[in-house]
Amino acid sequence: MNLYDELKQAVIDGDEDMVAELSEKAVAEGTSPVDAVQEGLVKGIEVIGEAWKAGEAFLPDVMMSAEAMKAGLAILEPEIAKLGMGDGNVKGKIVIGTVEGDIHDIGKNIMGAMFTAAGYKVFDLGTDIKVEEFVKKAREVGADIIGASALLTTTMIGQKQIIQYLKEQNLRGQFRVFVGGGPTSQSWANEIGADGWAETADEAVELANRILAR
Amino acid sequence: MKIRLIGCQSTMNEVKWYGSEKSADYVFLDYTYHARPDKLHRKLQELIDESQDYDLITLTYGRCSNAVVGLISPQVPLLFPATHDCIGLMLGSNARHQEAFKESPTTYYFSQGWLDYGRTPYQEYLEYMQKYGPKKAGQLIDSLYGRYTKAVLILTPGMKDIESYRKRVKEIADFFGWKTGEMQGELNLLISILNGERVSESVYVEPGQTVTLAMLNGGSGDENNC
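Keeping their order, the protein sequence lines are chains U and B.
Using my numbering, you'd call the opening residue of the first sequence number 64 and step up by one each time.
Using my numbering, you'd call the opening residue of the second sequence number 4 and step up by one each time.
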């Protein structure tokens with residue numbers, strides 16, 4: 064098994080320590096950090112993502128794989144930056160958070176990790192985030208996308224409020240707004256005028272790639 | 004009137020306590036569907052399709068992460084609560100649920116059924132301990148429940164041995180360092196559904212119509228109800 068396959072397998076196993084060890088090894092051996100992420104970490108998380116969709120993996124498995132991937136990214140990302148592929152060359156900047164009143168953060172964390180792995184600069188505000196905080200951070204960092212997560216039918220209104228607030232502040236044109244989370248849907252995104260909705264984190268990344276390439 | 008009731012284990016005790024004089028046929032689905040709205044949707048549709056020889060199909064499911072959106076019953080009307088989930092149903096209305104939610108969004112609610120048939124956060128921790136060891140179990144449980152601050156037990160009629168439920172909630176709360184509280188349940192909405200009665204906080208769907216988000220919004224008249 065080559066290093067990429069080992070990284071992939073360690074992510075599938077949710078073995079944080081092994082991923083960290085293999086990532087260090089990749090750096091020490093002068094392996095391309097970009098390839099280690101794309102051919103190793105991302106391939107692993109894709110396998111787990113597919114298994115989750117098929118009902119073959121359980122939430123803890125997905126969570127641990129995402130944590131393992133993050134452990135690898137923490138080592139490989141700075142190496143990518145050293146190659147001059149850092150901030151100036153990031154695909155885009157995304158501010159993410161879970162809307163006010165909602166403290167679910169697992170899906171958002173997984174999405175954040177996927178965006179990081181795909182070469183985006185991610186600013187994760189955390190959970191229970193007020194509309195103003197999303198927008199303040201997005202302005203501060205010059206974000207391309209605001210990604211708002213909601214896991215409750217009682218809180219998804221917060222996603223609509225972000226769009227309304229942006230309009231009120233005459234900022235709607237500056238940021239794309241992505242929404243997601245269990246109770247949300249494409250029709251909800253259409254209804255509130257969001258720029259994107261995706262069911263899974265990898266689909267969200269693909270969507271961002273397409274939209275920002277326009 | 005022949006009623007088919009498709010319920011969740013979370014409200015099973017209350018349904019059985021009330022019983023039904025209208026000869027409803029019950030089927031109760033496992034609580035684990037709670038976390039998989041896509042699967043719940045498919046299961047509900049399957050059961051609805053199998054129940055087309057009844058006069059009415061009732062659900063004890065509310066929006067439940069929009070799992071009910073898109074359901075269609077070709078020949079038989081559907082009736083279910085317009086609440087966001089079983090917490091609203093146990094508390095009697097969305098308005099009451101929202102009020103409690105605004106007061107404390109970091110409350111984890113326990114119903115009798117959740118304690119009896121569900122998997123509590125503490126049980127989950129014990130399972131992860133066994134499967135993944137203490138370090139990972141701690142991380143997982145912290146991601147899942149670390150942000151809650153309070154456990155509230157919803158008291159509903161027909162609860163036997165309330166003290167044992169209190170004790171269990173206290174054990175869970177102590178483990179996580181949460182405060183505890185109680186709320187009195189209100190079952191009028193559930194009872195009206197069981198009796199096949201249309202009320203303001205229920206959704207009645209004509210045969211052949213698809214359940215839409217707009218129907219769910221109509222239930223409470225609360226415009227914030229997305």
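Just so you know, even glycine gets a beta-carbon here, dropped at the ideal spot from N, CA and C.
So, using beta-carbon positions, are residue i and residue j closer together than 8 angstroms?
| i | j | result |
| --- | --- | --- |
| CYS67 of chain B | ASP52 of chain B | no |
| MET127 of chain U | GLY107 of chain U | no |
| GLY91 of chain B | HIS44 of chain B | no |
| ILE196 of chain B | PRO124 of chain B | no |
| TRP181 of chain B | ALA154 of chain B | yes |
| ASP119 of chain B | ASN191 of chain B | no |
| PRO108 of chain B | ASN69 of chain B | no |
| GLN222 of chain U | ALA257 of chain U | yes |
| VAL158 of chain U | ALA206 of chain U | yes |
| GLU119 of chain U | TYR67 of chain U | no |
Measure the alpha-carbon distance for residue i versus residue j and round it to whole angstroms.
| i | j | result |
| --- | --- | --- |
| THR247 of chain U | ALA261 of chain U | 9 angstroms |
| LYS95 of chain U | LEU70 of chain U | Per the sequence presented here, residue 95 of chain U reads as Ser, with Lys not at that position. The straight-line gap from Cα to Cα measures roughly 13 angstroms. |
| ILE225 of chain U | LEU147 of chain B | 25 angstroms |
| TYR36 of chain B | THR14 of chain B | 14 angstroms |
| LYS184 of chain U | ALA134 of chain U | 16 angstroms |
| GLN12 of chain B | TYR34 of chain B | 6 angstroms |
| SER76 of chain B | LYS200 of chain U | 46 angstroms |
| ILE157 of chain B | VAL110 of chain U | 41 angstroms |
| GLU209 of chain B | ARG273 of chain U | 41 angstroms |
| GLU92 of chain U | ASP78 of chain U | 21 angstroms |
| LEU143 of chain B | GLN101 of chain B | 28 angstroms |
| PRO141 of chain U | ALA181 of chain U | 14 angstroms |
| GLU189 of chain B | VAL71 of chain B | 23 angstroms |
| ASN227 of chain B | THR216 of chain U | Residue placement at ASN227 of chain B cannot be trusted, given a pLDDT of 37 that sits under 50; what the coordinates show is reported in the next sentence. When rounded, the distance between both Cα atoms is 10 angstroms. |
| SER223 of chain B | ARG171 of chain B | For SER223 of chain B, the pLDDT reaches just 37, beneath the cut-off of 50, and the residue's location in the model is therefore unreliable, leaving the point undetermined. |
| ASN65 of chain U | LYS42 of chain B | 38 angstroms |
| VAL97 of chain U | LYS145 of chain U | 11 angstroms |
| GLU166 of chain B | GLN227 of chain U | 48 angstroms |
| GLU113 of chain U | THR110 of chain B | 32 angstroms |
| GLY208 of chain U | ASP28 of chain B | The sequence as given places Ile at residue 208 of chain U; Gly does not occur at that position. Computed Cα separation, rounded: 50 angstroms. |
| GLY65 of chain B | ILE9 of chain B | 12 angstroms |
| LEU193 of chain B | GLU231 of chain U | 41 angstroms |
| PHE186 of chain U | ASP177 of chain B | 34 angstroms |
| LYS171 of chain U | ASP56 of chain B | 44 angstroms |
| LEU62 of chain B | ILE166 of chain U | 28 angstroms |
| PHE197 of chain U | THR218 of chain U | 15 angstroms |
| VAL242 of chain U | TRP115 of chain U | 21 angstroms |
| THR263 of chain U | GLY199 of chain B | 38 angstroms |
| ALA38 of chain B | ARG122 of chain B | 12 angstroms |
Starting from the beta carbon of residue i, find every residue of chain C whose beta carbon is closer than 7 angstroms, and list them in chain order.
| i | result |
| --- | --- |
| ILE192 of chain U | In the structure shown, chain C does not exist; the protein chains are U and B. |
Please name the residue, chosen from the options, that lies closest to residue i on a Cα-to-Cα basis.
| i | options | result |
| --- | --- | --- |
| ARG277 of chain U | U:GLY155, U:LEU188 and U:SER212 | U:GLY155 |
| ASN229 of chain U | U:VAL242, U:GLU195 and U:VAL204 | In the sequence on display, residue 229 of chain U carries Leu and not Asn. Comparing Cα positions, the closest option is U:GLU195. |
| ALA211 of chain U | U:LEU85, U:GLY205 and U:LEU188 | U:LEU188 |
| ARG150 of chain B | U:GLY244, U:THR190, U:GLY205 and U:THR218 | U:THR190 |
| ASP124 of chain U | U:ALA176, U:GLU163 and U:ILE75 | U:ILE75 |
| LEU50 of chain B | B:GLY65, B:THR86, B:ARG7 and B:ALA38 | B:ARG7 |
| ILE220 of chain U | U:GLU203, U:VAL198 and U:LYS193 | U:LYS193 |
| THR81 of chain U | U:ILE138, U:LEU122, U:ALA264 and U:GLY245 | For clarity, residue 81 of chain U is Met in the given sequence; the question names Thr instead. The candidate whose alpha carbon is nearest that of MET81 of chain U is U:ILE138. |
| SER96 of chain B | B:GLY211, B:THR63, B:GLU204 and B:LEU216 | B:GLU204 |
| ILE173 of chain U | U:GLN249, U:GLU266 and U:TYR67 | U:GLU266 |
| ASP145 of chain B | U:ILE169, U:GLY175 and U:GLU102 | U:ILE169 |
| LYS46 of chain B | B:ASP58, B:VAL30 and B:LEU59 | B:VAL30 |
| PHE113 of chain B | B:THR159, B:ARG201, B:ASP164 and B:THR213 | B:THR159 |
| VAL214 of chain B | B:LEU81, B:LYS163 and B:GLY121 | B:LEU81 |
| TYR168 of chain B | B:TRP117, B:GLN78 and B:GLN48 | B:TRP117 |
Since I believe residue j is in contact with residue i (beta carbons under 8 angstroms), could you give me their beta-carbon distance rounded to a whole number of angstroms?
| i | j | result |
| --- | --- | --- |
| THR161 of chain U | ALA99 of chain U | Contact doesn't hold; Cβ gap of about 30 angstroms is too wide. |
| ALA252 of chain U | GLY244 of chain U | Actually they are not in contact, since the Cβ atoms of ALA252 of chain U and GLY244 of chain U sit about 11 angstroms apart, beyond 8 angstroms. |
| LEU216 of chain B | VAL206 of chain B | Their Cβ separation, rounded to whole angstroms, is 11 angstroms, which puts LEU216 of chain B and VAL206 of chain B out of contact at 8 angstroms. |
| MET162 of chain B | ALA103 of chain B | Not really, about 19 angstroms apart at Cβ, beyond 8 angstroms. |
| LEU104 of chain U | LEU136 of chain U | 7 angstroms |
Applying the criterion that 16 or more other CB atoms from any shown protein chain within 10 Å of the CB defines a buried residue, is residue i buried or exposed?
| i | result |
| --- | --- |
| ILE234 of chain U | According to the sequence provided, residue 234 of chain U is Leu. The question's Ile does not apply to it. LEU234 of chain U is exposed by the Cβ-count criterion. |
| LYS105 of chain B | exposed |
| GLN115 of chain B | buried |
| MET93 of chain B | buried |
| PHE238 of chain U | buried |
| MET4 of chain B | exposed |
| PHE178 of chain U | buried |
| ALA85 of chain B | buried |
| GLY136 of chain B | exposed |
| PHE121 of chain U | exposed |
| ALA129 of chain U | buried |
| GLY235 of chain B | Because chain B spans 4 through 229 in this model, residue 235 of chain B falls outside it and cannot be assessed. |
| GLY164 of chain U | buried |
| ALA176 of chain U | buried |
| VAL204 of chain U | exposed |
| ALA117 of chain U | exposed |
| GLY211 of chain B | exposed |
Any heavy atom of the ligand GTP within a distance shorter than 7 angstroms of the CB on residue i?
| i | result |
| --- | --- |
| HIS167 of chain U | Because no ligand of any kind appears in the structure shown, any question about the ligand GTP cannot be addressed here. |
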